[in-house]
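Single-structure report; data block below.
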Ligand code: TRP
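Numbering (my numbering), first residue to last: 151 to 526.
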């Protein structure tokens with residue numbers, strides 16, 4: 151059996167550098183590695199709706215943003231199937247059957263869902279018509295790990311490149327696969343998560359130093375930001391608060407300008423933009439000793455980021471002039487993805503013995519049974 155990738159993103163905003171180092175860049179590398187038989191990249195609009203039910207327009211407008219970000223980052227529709235989740239109704243059917251294999255208690259333990267419930271202000275004990283305007287947890291949101299298991303298993307994905315926040319989802323998926331295969335029949339494939347390979351990429355902090363780059367915190371650098379926007383955001387980044395004068399020894403740990411350099415800077419960047427240093431480590435050593443100012447480090451980062459983003463910006467511009475073509479790519483991708491999901495659903499239905507009309511043995515056996523009964 152071949153190696154298959156499935157992964158995706160919720161279309162709730164443009165993608166940022168956190169997405170890029172955490173997953174997008176890796177996806178492009180995996181796409182180019184030739185190691186995978188099939189690659190499915192999904193825009194998870196149905197999942198986005200689980201906590202945006204009252205804001206469908208936001209989801210609708212961001213489908214194209216995410217698609218543009220995918221294509222500009224280098225995902226190639228000739229090599230990867232780009233598709234939209236809601237266009238594959240088979241995924242809902244799979245999720246519905248998987249719901250029988252998962253307890254409410256198991257879902258309640260999911261740490262990512264727990265964190266998101268707090269973040270969104272959903273309350274566990276809100277009642278109907280709550281006076282404090284507390285909102286209960288939408289059932290669809292609560293069960294989205296099951297729907298995510300459907301996404302992954304529908305394509306028999308072996309590999310899910312994603313950030314560490316997705317680990318509980320993959321774990322849940324593996325449990326469902328295990329349960330399904332032992333209760334019914336060996337149809338589903340247990341996936342593995344493929345985490346970012348560089349510690350700085352596991353979770354890129356925001357430009358304000360907060361643990362995570364996130365649109366709601368307003369601390370993002372977007373793939374679609376201009377060079378001037380990138381410059382402004384980097385110049386505003388926090389460094390070491392005790393590094394007041396250039397001569398002062400500085401701290402590298404927790405200094406996010408260096409964290410970003412760890413995530414983006416390659417040896418050729420050093421040669422080009424900071425030729426005084428053989429390696430980034432040399433530059434760090436100088437910073438720690440004292441005598442290296444923040445502005446110099448930030449200038450390096452600005453150059454590195456803009457060099458990384460330039461080809462992405464160029465491809466984005468190309469596709470922004472061809473929006474119809476982007477929708478055609480998504481439509482073709484969705485048709486192709488649907489074929490694969492339908493094939494898996496067929497096998498699932500057979501394993502669950504709910505394929506009545508194609509189960510001639512069942513019909514014959516029952517015909518015999520009732521015929522015998524009539525003779526008695
Ligand atoms: N949960 C992912 C996110 O928050 C999106 C997603 C939906 C996904 N289904 C998936 C990711 C399946 C990996 C595999 O962005």
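Positions of the beta carbon are idealized from the N, C-alpha and C atoms, including for glycine.
With a cut-off of 8 Å on Cβ pairs, the segment 365-378 is not in contact with the segment 323-341, counting fewer than three such pairs. Taking the Cβ atoms as the reference, residue 362 lies roughly 6 Å from residue 356, within the contact range of under 8 Å. DSSP lists 158 and 233 as the beta-bridge partner residues of residue 192. When 163, 204 and 189 are compared, the shortest CA-CA separation from residue 211 is found for 163. Residue 450 and residue 495 do not touch by the CB rule: their CB atoms are close to 52 Å apart, not below 8 Å. In the three-state reduction of the DSSP assignment, residue 455 falls in the helix class. Residue 460 and residue 174 have their alpha carbons spaced roughly 16 Å apart. The three-state reading of DSSP puts residue 461 in helix, counting H, G and I together. Residue environment for residue 158: buried (at least 16 other C-beta atoms within 10 angstroms of its C-beta). Selection 297, 354 and 234 evaluated against residue 263 yields 297 as nearest (Cα-Cα).
Burial check for residue 167: the Cβ neighbour count within 10 Å reaches 16 or more, so the residue is buried.
Bridge partners of residue 166 according to DSSP: 372. Within the DSSP bridge table, the entry for residue 344 names 311 as partners.
The three-state reading of DSSP puts residue 272 in strand, counting E and B together.
Between the alpha carbons of residue 217 and residue 232 lies a distance of about 8 Å.
In the displayed model, residue 181 falls within a helix according to three-state DSSP. Annotated three-state conformation of residue 474 is helix, per DSSP.
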